[in-house]
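Engineer:
2 protein chains.
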Amino acid sequence: MTTSGVVPQARFSAQARLRALQSDIMELILERELEAGDPLPTESELSVALGVGRNTLRESLKVLQALGVIEIRHGFGMFVAPSNFDALADGLTFRGRLSLRHQGLEALQLVDVRQALESGLIGSSIDVMTTEQLASIEEAVKQMEELAAAGENFVAADAEFHRRLFEPLNNELLINLMGVFWKVYRKIHVEIGPGNEDLVKTAAMHRSIYAAVAAGDKVSASELLNRHFDGIRRRISEAVGD
Amino acid sequence: MTTSGVVPQARFSAQARLRALQSDIMELILERELEAGDPLPTESELSVALGVGRNTLRESLKVLQALGVIEIRHGFGMFVAPSNFDALADGLTFRGRLSLRHQGLEALQLVDVRQALESGLIGSSIDVMTTEQLASIEEAVKQMEELAAAGENFVAADAEFHRRLFEPLNNELLINLMGVFWKVYRKIHVEIGPGNEDLVKTAAMHRSIYAAVAAGDKVSASELLNRHFDGIRRRISEAVGD
DNA sequence: CGAGCATCGGACGTCCTACATCCGATAACC
DNA sequence: GGTTATCGGATGTAGGACGTCCGATGCTCG
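Chains as they are written, first to last, in the working numbering: chain A, 1 to 242; chain B, 1 to 242.
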């Protein structure tokens, strides 16, 4: 509703104008009741409709794309996007790596938040977990154990394990957020070096978490997750100490 | 180090190239060991160094700005930015409002995540809370009560209350995330209408949460927070039901 | 007659030029 | 010496030109 027309003299800062432009585009989507997957007007049409040059408009569109609001397909068009948190992951990864040059504060904060989410929600997840989902979790554990026995890294299996733990909650936002934290942690982990972690021991830790979940023991599961994160936190601290 | 020169034929998709460009910029910051507040090269210099046009470069820069990686000041220059989660808030707000047109799923998921964070971390926060911080929380409660008695809305006081609850943890990422969730919820709240909420009752609810925190009763505090969020969740469900 | 292929048009991607706007700093002026 | 005017540099905005990609239309060939 703020797009009553072309503003002859925008007296606000350029930054505010760009934000307003982004808001206008989002408002336009909401007003036209477009759903995920629906096409947006072309760049030319939008630039005319919003009274800005194509260049300025594109800068806003790229931001919206990065924010996961729209999806841009070369040579085809623009569409309302399904959730996409990749960009957020990039931003947070950057922050985490930047912080590692100091005390690793932000990296540790990231672990704190992830810990709060996982150990706080594991109980609810256990409540609604099906036997199939439980089996898929064990599958991930087995995979980790096999890879650990072979002396190989098990990044993907580890990620899968944590994802499946909270799949029962059916909360996409949560899954996305945890995926972001995971990605960031992986990048940071690479940064601080291979570490001297014991693969077999780590796999066993996940096995015990699974056991608690399978037994429906919410308290133990939460506690074990906490301990798991304590280890991660310790490793980051050690790396920064160097 | 990937910027060994101009690539004559970029065979990858445009989207991948833009992402690579963003990564290159972030790598450049990390390689040069720039800290928050340090200046970046000018647009012209960067466009030459990275082998892309100023326009293409600017699109990436705008994304990085939105992601809170860099700060752009008109007519002055670009700098490594302190944390900024405003853009994330905008993206999530959009998603939330979009979801309200359906079942309000994403909006409810947002509340779930916020609930997990708040009720999960309140215990830790109580552990390290100082008397000054406790007093500042009561201050926020009083403000809410006064505004409620006057029949006025207390958006800011409510936000302050929740922020101060977790200030003791000294976790900027958490504060930022909760700030995001708060902003999104406020926008959604406006969307679903004024509602028939009882201001006095809501203020009383916050007073009871404060009481539990002051008493060091972690279990009660967590439980009260849960109930608080149940109310929010119910209100969203009602609004969608219309 | 149908499958495969070439062409076409539209839409996004990139680059360039030009000018506007803003900011800090220098230098002139009172 | 303090204040103000000007300047230079940097970002902001606009428009145009051309490249690249994609889907679709229509043609050709089996």
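All C-beta atoms, glycine included, are put in the ideal place defined by N, C-alpha and C. It should be emphasised that the depicted structure is a prediction, and the values quoted were computed from it without experimental measurement.
1. Checking the sheet assignment: what are the DSSP bridge partners for A:R73?
2. Using the C-alpha atoms, what's the distance from B:I72 back to B:V80?
3. State buried or exposed for B:S237, treating a residue as buried only when at least 16 other CB atoms are found within 10 Å of its CB.
4. Strictly below 7 Å CB to CB, what residues from chain B border A:Q133?
5. Counting only beta-carbon separations shorter than 9 Å, does A:S237 have a partner in chain B?
6. Looking at chain B, is there any beta carbon in it that lies within less than 9 Å of the beta carbon of A:I29?
7. Measuring only between beta-carbons, confirm whether B:F94 sits less than 9 Å from chain A.
8. Would you kindly work out how many angstroms separate the C-alpha atoms of B:H162 and A:L169, rounded to a whole number?
9. Can you find a CB in chain A that lies within less than 9 Å of the CB of B:A221?
10. Which one of B:G231, B:E27, B:S60 has the shortest CA to CA distance from B:S47?
11. Pull up the DSSP beta-bridge partners for A:P39, would you.
12. Would the stretch 88–98 of chain A and the stretch 15–33 of chain B be scored as touching if the rule is three or more Cβ pairs under 8 Å?
13. Does the contact criterion of 3 or more C-beta pairs under 8 Å hold for the stretch 203–218 of chain B versus the stretch 120–129 of chain B?
14. Is B:V200 buried or exposed, if buried means 16 or more other CB atoms sit within 10 Å of its CB?
15. List, from N- to C-terminal side, the alpha helix (DSSP H) runs of 4 residues or more that fit wholly inside the stretch 153–231 of chain A.
16. Could you tell me the distance, in whole angstroms, from the CA atom of A:H102 to the CA atom of A:M205?
17. Tell me the residue span of the alpha helix (DSSP H) that contains B:T131.
18. So A:I209 and A:H189 are supposed to be a Cβ contact under 8 Å. How far apart are they, rounded?
19. Output, in chain order, the set of chain B residues within a Cβ distance shorter than 7 Å of A:K62.
20. Grab me the residues of B:I175's own chain with a C-beta within less than 6 Å of its C-beta, minus the 5 sequence neighbours each way, in chain order.
21. Can you give me the start and stop residues for the alpha helix (DSSP H) that B:G123 sits inside?
22. B:V111: beta carbon under 8 Å from a heavy atom of the ligand NAD?
23. Are there 16 or more other CB atoms within 10 angstroms of the CB of B:R95, so buried, or fewer, so exposed?
24. Is the Cβ-Cβ distance between A:V63 and B:A66 less than 9 Å?
25. In three-state DSSP terms, what is A:S13?
26. Could you run through the stretch 119–146 of chain A and flag, in chain order, every residue whose CB is less than 9 Å away from some CB of chain B?
27. Which residues, taken in chain order from the stretch 21–47 of chain B, show a beta carbon closer than 9 Å to some beta carbon of chain A?
28. Rounded to a whole number of angstroms, what is the C-alpha to C-alpha distance between B:G68 and B:E139?
29. For chain A, check one thing: does any of its Cβ atoms lie closer than 9 Å to the Cβ of B:I188?
30. Going straight from the alpha carbon of B:S224 to that of B:E31, what length do you get?
31. Between B:Q103 and chain A, is any beta-carbon pair separated by less than 9 Å?
32. Would B:A148 be called buried (16 or more neighbouring beta carbons within 10 Å of its own) or exposed?
33. Use the C-beta contact count for A:V128: other C-beta atoms within 10 angstroms, 16 or more gives buried, fewer gives exposed.
34. Would you say A:A212 lies against chain B (beta-carbon separation less than 9 Å)?
35. Indicate the three-state DSSP secondary structure (helix, strand or coil) for A:N55 in the structure shown.
Structural biologist: Inspection of the coordinates gives the following:
1. Indexing the first sequence from 1 puts residue 73 of chain A at position 73. Partner(s): A:G77.
2. Indexing the second sequence from 1 puts residue 80 of chain B at position 80. Indexing the second sequence from 1 puts residue 72 of chain B at position 72. Approximately 9 Å, taken between the alpha carbons.
3. Position 237 of the second sequence holds residue 237 of chain B. Its Cβ having fewer than 16 others within 10 Å, B:S237 is exposed.
4. Along the first sequence, read from residue 1 onward, the residue named residue 133 of chain A stands at position 133. Those do not exist, as A:Q133 stays about 18 Å from chain B at its closest Cβ, beyond 7 Å.
5. One-based indexing of the first sequence puts residue 237 of chain A at position 237. Cβ-Cβ to chain B under 9 Å: no for A:S237.
6. Position 29 of the first sequence, counted from the start, is the residue given in the question as residue 29 of chain A. Yes, contact with chain B.
7. Here residue 94 of chain B refers to the residue found at position 94 when the second sequence is read from its first residue. B:F94 counts as touching chain A.
8. Here residue 162 of chain B refers to the residue found at position 162 when the second sequence is read from its first residue. Here residue 169 of chain A refers to the residue found at position 169 when the first sequence is read from its first residue. Taking the straight line from one Cα to the other gives about 25 Å.
9. Counting from 1 along the second sequence, the entry for residue 221 of chain B is found at position 221. No, no contact with chain A.
10. As a first step, residue 47 of chain B is located in the second sequence; it is residue number 47 there, counting from the start. The shortest C-alpha separation from B:S47 is found at B:S60.
11. By one-based count along the first sequence, residue 39 of chain A stands at place 39. Paired residues: A:F79.
12. With the cut-off at 8 Å, the stretch 88–98 of chain A and the stretch 15–33 of chain B touch.
13. yes
14. In the second sequence, the residue the question calls residue 200 of chain B occupies position 200. Answer is exposed; the Cβ neighbour count stays below 16.
15. 155–165, 172–191, 199–214
16. On the first sequence, position 102 is the one that residue 102 of chain A refers to. On the first sequence, position 205 is the one that residue 205 of chain A refers to. Straight-line Cα distance between these residues: approximately 30 Å.
17. Reading the second sequence from its first residue, position 131 is the one you call residue 131 of chain B. Run containing B:T131: 131–149, per the alpha helix (DSSP H) assignment.
18. Residue mapping note: residue 209 of chain A aligns to position 209 of the first sequence, counting from 1. Residue mapping note: residue 189 of chain A aligns to position 189 of the first sequence, counting from 1. Actually they are not in contact, since the Cβ atoms of A:I209 and A:H189 sit about 19 Å apart, beyond 8 Å.
19. Here the question's residue 62 of chain A lines up with position 62 in the first sequence. Within chain B, the residues near A:K62 are E59, K62, V63.
20. Locating residue 175 of chain B in the second sequence gives position 175, where the first residue counts as 1. Here the set comprises nothing.
21. Stepping through the second sequence from its first residue, residue 123 of chain B is reached at position 123. Unbroken alpha helix (DSSP H) run through B:G123: 105–127.
22. The ligand NAD is absent from the structure shown, which contains no ligands of any kind.
23. Taking the first residue of the second sequence as position 1, residue 95 of chain B is located at position 95. Its Cβ being crowded by 16 or more others within 10 Å, B:R95 is buried.
24. Translated into the one-based positions of the first sequence, residue 63 of chain A becomes position 63. Translated into the one-based positions of the second sequence, residue 66 of chain B becomes position 66. Pairing A:V63 with B:A66 gives a Cβ-Cβ distance under 9 Å.
25. On the first sequence, position 13 is the one that residue 13 of chain A refers to. It is coil, neither helix nor strand.
26. Within the stretch 119–146 of chain A, the residues whose Cβ lies closer than 9 Å to some Cβ of chain B are S119, G120, L121, S124, listed in chain order.
27. Correct list: Q22, S23, M26, I29, L30, E33, L34, E35, A36.
28. Mapped onto the second sequence, residue 68 of chain B falls at position 68. Mapped onto the second sequence, residue 139 of chain B falls at position 139. Their backbone Cα atoms lie some 32 Å apart in a straight line.
29. To locate residue 188 of chain B, count along the second sequence from 1; it is residue 188. Closer than 9 Å: no.
30. The residue labelled residue 224 of chain B in the question sits at position 224 within the second sequence. The residue labelled residue 31 of chain B in the question sits at position 31 within the second sequence. For the sequence presented, residue 224 of chain B should be read as Leu rather than Ser. B:L224 and B:E31: Cα-Cα distance of roughly 48 Å.
31. Position 103 of the second sequence holds residue 103 of chain B. B:Q103 is outside the set of residues whose beta carbon lies under 9 Å from a beta carbon in chain A.
32. Translated into the one-based positions of the second sequence, residue 148 of chain B becomes position 148. The residue in question, B:A148, is buried, as its Cβ has 16 or more Cβ neighbours within 10 Å.
33. Here residue 128 of chain A corresponds to residue number 128 of the first sequence, with the count starting at 1. Burial call: exposed.
34. Taking the first residue of the first sequence as position 1, residue 212 of chain A is located at position 212. It does not; no Cβ of chain B falls within 9 Å.
35. For the purposes of this step, residue 55 of chain A is taken as residue 55 along the first sequence, with counting starting at 1. Here A:N55 sits in helix by DSSP.
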